[in-house]
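Comments concern the structure below.
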Amino acid sequence: SCSEHWTAHGDKCYRVFTEQMTWKKAEENCIGLGIGAKLASISSAEEQQFVDEQLLIFGRDLWSGLIFHHRDSMLAWTNGNSVSFTNWAPGEPNVTLKADGCVRVNHNTDQVSE
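Note that the UniProt record's numbering gives residue 79 to position 79 of the sequence shown, counting from 1, and the numbers run on in steps of one.
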């Protein structure tokens, strides 16, 4: 069972914050809740569908917990889980970046971009 303002899906609880912010600020917001919250990690098509539904309800893109480490040329979830599922928008991920990158889930395409 999830707390007020949170939505349950599987064994996770989700909360959408509607104010626009940077990836770093979104990450700090989650950590600042003090309950072990992290940016969303999407590990299956079913979970992606749930996230897509939330995006439609709120009409906003969201930051995910998926990051690209330029130094290692690796994708990683901030919660430590391995990356086993992705749903990239065409042309993504843009790994020509010269720095680390953050991953956004787009509400218009239901796909992710870096």
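Beta carbons are placed, not taken as given, at the ideal position from N, Cα and C, and that holds for glycine.
- Between S64 and R15, the C-beta gap is not smaller than 8 Å, which leaves the two residues out of contact.
- For T18, the CB contacts under 7 Å within the same chain, skipping 5 residues up- and downstream, are F58 and R60 in chain order.
- With contacts defined as CB atoms closer than 8 Å, L62 and L56 fail to qualify as a contacting pair.
- Runs of the alpha helix (DSSP H) spanning 4 or more residues and lying entirely within the UniProt domain "C-type lectin" (9 to 105) occur at 23 to 32 and 45 to 58, in chain order.
- Going by C-alpha positions, A37 is about 18 Å away from Q20.
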